[in-house]
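**Student:**
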Amino acid sequence: MVHATPDPGNSLLKLDNIQMVFGKVTALTDISLEVRKGQIYSIIGPNGAGKTVMMNCISGLYRPQKGDIYYKGQRINHLRPYKRASLGIARTFQKIELFGGMTVLDNIRLGRHIHLKSGILSGSLYLGPTKKEEVANREFIEQDIIDLLEIEHIRDKTVHMLPYGLQKRVELGRALALNPELILLDEPLAGLNLEEVEDMARFIQDINKEERWQVTCILVEHDMGVVMDISDRVFAMSFGHPISEGTPEEVQNDPEVIKAYLGEEDIYATRR
Amino acid sequence: MPHGDELMQHSQSLEPISKELTIPKLFSQRCRQYGKDKVAMREKEFGIWRPFTWQDYYDNVKYISLGFISLGLQRGDKVALMGANRPEGLWTEMGAMCAGGICVWLFQESMHEEVKYIIDHSDARFFVGETQEEVDKALGVVDECPKLEKIVWDDPKGMRTYSQDFLLSIRQLQEFGKELDAKDPELFERMIQEGHGDEVCLLFYTSGTTGLPKGVLLSHWNMLTMGKNLMSIDPCQPTDDFVSYLPFAWIGEQMMSISCGLQVGYAINFPEEPETAMENIREIGPHVMFAPPRMWEGMTRRVQVKYMDSAWLKRKMYEMGTAIGYKVADLKLDKQQVPWHLKLLNSLAHLLLQKKLKDHLGLSRIRRAYTGGAALGPDHFRFFHALGVNLKQIYGQTEIAGIAFVHRDGDIKFDTVGTPIPETQVSIAEDGEILCSSPSVFLGYYKNPEATEKNLDDGWLLTGDKGFIDEDNHLVVFDRSKDVMTLRDGRPFSPQYLETRLKFSPYIQEAWVIGHERDFITAVICIDYSVVGKWADEQKINYTSYRELSQKQQVYDLIQKQVEHVNRFLPEPARIHKFINLFKVFDADDEELTRTNKLKRAVVGERYKDIVEALYSDRDSVHLDITITYEDGREQHIKTDLRIQKAI
Numbered sequence: 001m002v003h004a005t006p007d008p009g010n011s012l013l014k015l016d017n018i019q020m021v022f023g024k025v026t027a028l029t030d031i032s033l034e035v036r037k038g039q040i041y042s043i044i045g046p047n048g049a050g051k052t053v054m055m056n057c058i059s060g061l062y063r064p065q066k067g068d069i070y071y072k073g074q075r076i077n078h079l080r081p082y083k084r085a086s087l088g089i090a091r092t093f094q095k096i097e098l099f100g101g102m103t104v105l106d107n108i109r110l111g112r113h114i115h116l117k118s119g120i121l122s123g124s125l126y127l128g129p130t131k132k133e134e135v136a137n138r139e140f141i142e143q144d145i146i147d148l149l150e151i152e153h154i155r156d157k158t159v160h161m162l163p164y165g166l167q168k169r170v171e172l173g174r175a176l177a178l179n180p181e182l183i184l185l186d187e188p189l190a191g192l193n194l195e196e197v198e199d200m201a202r203f204i205q206d207i208n209k210e211e212r213w214q215v216t217c218i219l220v221e222h223d224m225g226v227v228m229d230i231s232d233r234v235f236a237m238s239f240g241h242p243i244s245e246g247t248p249e250e251v252q253n254d255p256e257v258i259k260a261y262l263g264e265e266d267i268y269a270t271r272r
Numbered sequence: 273m274p275h276g277d278e279l280m281q282h283s284q285s286l287e288p289i290s291k292e293l294t295i296p297k298l299f300s301q302r303c304r305q306y307g308k309d310k311v312a313m314r315e316k317e318f319g320i321w322r323p324f325t326w327q328d329y330y331d332n333v334k335y336i337s338l339g340f341i342s343l344g345l346q347r348g349d350k351v352a353l354m355g356a357n358r359p360e361g362l363w364t365e366m367g368a369m370c371a372g373g374i375c376v377w378l379f380q381e382s383m384h385e386e387v388k389y390i391i392d393h394s395d396a397r398f399f400v401g402e403t404q405e406e407v408d409k410a411l412g413v414v415d416e417c418p419k420l421e422k423i424v425w426d427d428p429k430g431m432r433t434y435s436q437d438f439l440l441s442i443r444q445l446q447e448f449g450k451e452l453d454a455k456d457p458e459l460f461e462r463m464i465q466e467g468h469g470d471e472v473c474l475l476f477y478t479s480g481t482t483g484l485p486k487g488v489l490l491s492h493w494n495m496l497t498m499g500k501n502l503m504s505i506d507p508c509q510p511t512d513d514f515v516s517y518l519p520f521a522w523i524g525e526q527m528m529s530i531s532c533g534l535q536v537g538y539a540i541n542f543p544e545e546p547e548t549a550m551e552n553i554r555e556i557g558p559h560v561m562f563a564p565p566r567m568w569e570g571m572t573r574r575v576q577v578k579y580m581d582s583a584w585l586k587r588k589m590y591e592m593g594t595a596i597g598y599k600v601a602d603l604k605l606d607k608q609q610v611p612w613h614l615k616l617l618n619s620l621a622h623l624l625l626q627k628k629l630k631d632h633l634g635l636s637r638i639r640r641a642y643t644g645g646a647a648l649g650p651d652h653f654r655f656f657h658a659l660g661v662n663l664k665q666i667y668g669q670t671e672i673a674g675i676a677f678v679h680r681d682g683d684i685k686f687d688t689v690g691t692p693i694p695e696t697q698v699s700i701a702e703d704g705e706i707l708c709s710s711p712s713v714f715l716g717y718y719k720n721p722e723a724t725e726k727n728l729d730d731g732w733l734l735t736g737d738k739g740f741i742d743e744d745n746h747l748v749v750f751d752r753s754k755d756v757m758t759l760r761d762g763r764p765f766s767p768q769y770l771e772t773r774l775k776f777s778p779y780i781q782e783a784w785v786i787g788h789e790r791d792f793i794t795a796v797i798c799i800d801y802s803v804v805g806k807w808a809d810e811q812k813i814n815y816t817s818y819r820e821l822s823q824k825q826q827v828y829d830l831i832q833k834q835v836e837h838v839n840r841f842l843p844e845p846a847r848i849h850k851f852i853n854l855f856k857v858f859d860a861d862d863e864e865l866t867r868t869n870k871l872k873r874a875v876v877g878e879r880y881k882d883i884v885e886a887l888y889s890d891r892d893s894v895h896l897d898i899t900i901t902y903e904d905g906r907e908q909h910i911k912t913d914l915r916i917q918k919a920i
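Heads up: the sequence lines are chains A and B, in that order. Quick note, the first sequence lines up with residues 1 to 272 if you use the working numbering. Quick note, the second sequence lines up with residues 273 to 920 if you use the working numbering.
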């Protein structure tokens, strides 16, 4: 597959010397990276390397003690998570964080809430602008999310009744409802069967490449087959330290990366 | 039936069909007649039912049809079609027909070999697929099918990376059509008027329980007379609704959507996705339905499973309600008077149970329901009649445009397929073979004169089925002649009958009954994964896969009970002595079933010959070593041990 090379000047997210310490444990040391618009940027590393910590720093759940985070050139260190969300940063979680008692549709709508402008008064009277807003948002959710993720058949099901693979899809749907420019995907393929992995990999490519979406993706993932297949760039880390950064081929052949994964059986083999 | 209803039905009389009439001519007439005032079809899209009027239908078909012409389609060229039921599917079919093309529908699940064979054998020049998946299937065979020129797709999802110059979208096709229309506005109507009823409109590949698929050539006349003859005995209204969700590659769906649909003018509704079909049927509440037995079996199972799940009170209500329903149904089927007190009780049962159940199944407005394509068990038949659903058997091959016999209202016998539809003659050959003659008998097999000669004799179709006419003039069909079986001591039995009885158990999804030239009868059972799985959850039985679940001792005991329940109502020689739970469900992709879900006995007999052998030995288990093919062509090797259990 040929990847379009993004404009080098189009930096979307930049981490500059991030350090994150929990008590005496240093989770991240001197992490610097730059994600450009339109990329699928993967972060790999053995368990405990600090990948999720990094995601949490970007989304604002954690505040790093040192270093700066820039989003579209703007320093966002001080911004709370919901502020970052309104800037266009969405995320999914390693362990599903949906509202189990709510329907699929309601969960996705919730992701849209940040974009709703109507107040109590016009909302309760269902006045012109509110109505217009409702229709537009409904269209967006139905056409761009539910149709894309092929979840028509479960739209009215409560989430906790659904199999795991579908819940993962719903979570992606909720993140997309934000209409993000950058999406953080924390192990979107973990726990899925082969067919579900293929579907999810396709969805990730769809939201990245389809003209409608063109969302930049940061992907934390263990499935090396998929990572190497769909990523534009890969960032490898171990015990909170960066060890390699480059194209999938470069990282794959980096002796440091191979050393970090030493003892793990054939990391580049995808699930078959 | 209320009186007013009957009057209304007679007021809608169908126009006579002449040899000049074609499906496109009728289509054009209907569009002119209804125009923008009536809905021709609906599709649920993005969560909302979207209507298309007859005018919309006409415009879309027109531009597709002219688009085909600008791509170079000549009269008589074949257009292969593949995809789920959706308006675009019907538009392209109608569009190709209007341009004088012949449509070849492929089953959506068809894999490489099948697709290649049909596209190559049919000489298709054009292929229209719905999504990337169908396009991929066509691209996979394009090098091996040199006659295939253009591939058209309709859903843009995933198509952004495809740049081959022989690929185009339906939108582009319609754009070409619009350009041509601007140059020659009369062309479309002229093309329609050029057609003649004797021309071929459909080339249908029959799956067949044996051998390579054969291409059945059907003319406009065949299709239209079939529809007219069915509608003349079972009239539908232009205001009716029909849900189209079964494959277009199945003749039954063509019957309802094209032939009857155009003649009556009822609205055709397309579900949002195949997965939402049942839900969407409930939303529409169709007046008429035609489905193969598997669908009715599925509905029955859904009710049975819900019943098992319900609380005590609801279960009691259900038991009482169905008991009354069964009594009334049995009396009616015996053509006896239903006493007034039973009628009263039944209306109560209707109010409390049947009405709600029918609503859940999407059958609340159903006037007539048909089953066809294979035999449906008597238990299933009774079940629907007890609910008050007028379920009737249809019998007919693709070679006779899908229908030759049907039960008449109020004259239903479970073991027969009813009486011939108008203009149909039947004759039983000396060896018992059923011969049919009607205007709907096909023209022959495409590029296969030997088979044509074997099956077509001076306008008579040699069906290959055996049967006889009973005292009520109903046709009784034995199983396909190759399936009629005798035990070693000469006593005959019908495996299909036993299989349908077994399948009435919600725990059993598929069954294969063996015993030809053997001392006794045995069965191979495929458990229903979801139902047995649920049961296992309640029994606190751990399992991880179908294979493991099927081999659990408790599951074997459960299935034994089901088999013994069936045995109880059977004469001694027809009882099932031993059974085995298969580690998987029979699947059309493994060529164990036809695409219309008929068991291919020769294939399973060969594939599982170790099982058959073990069933007739003293062993209590069998070792199996087998390769399974998945839908995408991947193969998996499986080694497993299966246990054998006896039943009484």
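All residues carry an ideal CB built from backbone N, CA and C; glycine is no exception.
Check the DSSP bridge columns for Gln226 (chain B) and list the partner residues they point to.
**Tutor:** In the structure displayed, chain B extends from 273 to 920; residue 226 (chain B) sits before or after that span and is not available.
**Student:** Short of 7 Å in beta carbon distance, which residues of its chain neighbour Asn17 (chain A), apart from the five on each side in sequence? Order them along the chain.
**Tutor:** Around Asn17 (chain A): Asp30, Ser32, Lys66, Gly67.
**Student:** For a test of the three-state rule: what should DSSP assign to Glu317 (chain B), helix, strand or coil?
**Tutor:** Strand.
**Student:** When you compare only the Cα positions, how much space is there between Ile145 (chain A) and Ile230 (chain A)?
**Tutor:** One C-alpha to the other measures close to 21 Å.
**Student:** What does the alpha-carbon distance come out to for the pair Asp513 (chain B) and Val424 (chain B)?
**Tutor:** C-alpha separation (whole angstroms): 30 Å.
**Student:** Beta carbons nearer than 8 Å to chain B: which residues of the stretch 141-164 of chain A have them?
**Tutor:** For the stretch 141-164 of chain A, which is checked against every Cβ of chain B, the residues closer than 8 Å are Glu142, Gln143, Ile146, Asp147, Leu148, Glu150, Glu152, His153, Arg155.
**Student:** Under the three-state reduction of DSSP, which class applies to Gln509 (chain B): helix, strand or coil?
**Tutor:** It is coil, neither helix nor strand.
**Student:** Just to confirm my understanding: we take Phe438 (chain B), look at its own chain, exclude 5 residues before and 5 after, and list those with CB closer than 7 Å. What are they?
**Tutor:** So the list reads Glu421, Lys422, Ile423, once near-sequence residues are dropped.
**Student:** Alpha carbon to alpha carbon, what distance is there between Gly597 (chain B) and Val311 (chain B)?
**Tutor:** Using only the alpha carbons, I get a separation of about 36 Å.
**Student:** Can you tell me whether DSSP reads Trp213 (chain A) as helix, strand or coil?
**Tutor:** Note: Trp213 (chain A) maps to coil in three-state DSSP.
**Student:** Using a Cβ-Cβ distance cut-off of 8 Å, determine whether Lys209 (chain A) contacts chain B.
**Tutor:** It does: the Cβ of Lys209 (chain A) has a partner Cβ on chain B nearer than 8 Å.
**Student:** Tell me which same chain residues have a C-beta within less than 6 Å of the C-beta of Tyr329 (chain B), skipping the five on either side of it?
**Tutor:** Once the five neighbours on either side are set aside, the close Cβ partners of Tyr329 (chain B) are Ala312.
**Student:** Once DSSP output is grouped into helix, strand and coil, what is the label at Cys417 (chain B)?
**Tutor:** Looking at Cys417 (chain B) - three-state DSSP - the assignment turns out to be coil, as it is neither helix nor strand.
**Student:** Does chain A have any CB closer than 8 Å to the CB of Thr548 (chain B)?
**Tutor:** Yes, its Cβ sits closer than 8 Å to a Cβ of chain A.
**Student:** Using CA atoms only, rank isn't needed, just tell me which of B:Val876, B:Ala846, B:Gly373, B:Leu502 is closest to Ile464 (chain B).
**Tutor:** Nearest C-alpha to Ile464 (chain B): B:Gly373.
**Student:** Ala673 (chain B) lies in the alpha helix (DSSP H); which residues open and close that run?
**Tutor:** Here Ala673 (chain B) belongs to no alpha helix (DSSP H), and DSSP marks it neither H nor E.
**Student:** If I measure Cβ to Cβ from Ala90 (chain A) and keep anything under 6 Å in the same chain, skipping five residues before and after, which residues do I get?
**Tutor:** Within the same chain, Ala90 (chain A) has close Cβ partners Ala175, Leu178, Pro180, Ile183.
**Student:** Helix, strand or coil for Leu61 (chain A), going by three-state DSSP, please let me know.
**Tutor:** Coil, per DSSP.
**Student:** Report the neighbours of Arg432 (chain B) on chain A: residues whose CB is nearer than 8 Å to its CB, in chain order.
**Tutor:** Result: Lys209, Glu210, Glu211.
**Student:** Am I right that Arg284 (chain A) and Ser59 (chain A) are in contact with their C-beta atoms under 8 Å? What's the rounded C-beta distance?
**Tutor:** Outside the shown range of chain A, which is 1 to 272, sits residue 284 (chain A), and nothing can be said about it.
**Student:** Do the stretch 349-360 of chain B and the stretch 662-681 of chain B meet, that is, are 3 or more Cβ pairs less than 8 Å apart?
**Tutor:** No: the two stretches stay apart, fewer than three of their Cβ pairs being nearer than 8 Å.
**Student:** Determine, using beta carbons only, whether Gly319 (chain B) comes closer than 8 Å to chain A.
**Tutor:** Closer than 8 Å to some Cβ of chain A, the Cβ of Gly319 (chain B) qualifies, so yes.
**Student:** Taking DSSP as the reference, what is the three-state secondary structure of Arg867 (chain B)?
**Tutor:** Looking at Arg867 (chain B) - three-state DSSP - the assignment turns out to be coil, as it is neither helix nor strand.
**Student:** Compare the C-beta of Glu360 (chain B) with all C-beta atoms of chain A and state if any pair is closer than 8 Å.
**Tutor:** Taking Cβ atoms only, chain A never reaches closer than 8 Å to Glu360 (chain B), which makes this a no.
**Student:** Who are the Cβ neighbours of His788 (chain B) in its own chain at under 6 Å, not counting the five residues just before and after it?
**Tutor:** Met757.
**Student:** Shorter than 8 Å from the beta carbon of Glu402 (chain B) to some beta carbon of chain A?
**Tutor:** Glu402 (chain B) does not count as touching chain A.
**Student:** List the residues of chain A that Glu545 (chain B) touches, going by C-beta distances under 8 Å, in chain order.
**Tutor:** Here the neighbours are Glu150, Glu152, His153.
**Student:** Taking 7 Å as the limit between beta carbons, can you name the residues of its chain near Gly412 (chain B), skipping five residues before and five after?
**Tutor:** So the qualifying residues of the chain are His384.
**Student:** For Thr102 (chain A), does the three-state DSSP call read helix, strand or coil?
**Tutor:** According to the sequence as given, residue 102 (chain A) is Met; it is not Thr. If DSSP states are grouped into helix, strand and coil, Met102 (chain A) belongs with coil.
**Student:** Apart from the five residues on each side of it in sequence, which residues of its chain come closer than 8 Å, Cβ to Cβ, to Ile780 (chain B)?
**Tutor:** Leu774, Ile797, Cys798, Ile799, Asp800, Ile831, Gln834, listed in sequence order.
**Student:** For Thr52 (chain A), count neighbouring C-beta atoms within 10 Å of its own C-beta (all shown protein chains included) and say buried if the count is 16 or more, exposed if not.
**Tutor:** Buried, since its Cβ has 16 or more Cβ neighbours within 10 Å.
**Student:** Tell me which residues share the same chain as Glu196 (chain A) and place their Cβ nearer than 7 Å to its Cβ, disregarding the 5 neighbours each side in the sequence.
**Tutor:** These residues qualify, in order along the chain: Gly165.
**Student:** Could you tell me the distance, in whole angstroms, from the CA atom of Arg138 (chain A) to the CA atom of Phe93 (chain A)?
**Tutor:** For Arg138 (chain A) and Phe93 (chain A), the distance between alpha carbons rounds to 25 Å.
**Student:** Do you know offhand how far Leu603 (chain B)'s Cα is from Leu625 (chain B)'s?
**Tutor:** Taking the straight line joining both Cα atoms gives about 20 Å.
**Student:** Could you name the residues of the same chain whose beta carbon sits closer than 8 Å to that of His837 (chain B), not counting the 5 residues immediately before and after it, in chain order?
**Tutor:** If we look at His837 (chain B) and ignore the five residues flanking it on each side, its Cβ neighbours are Ser777.
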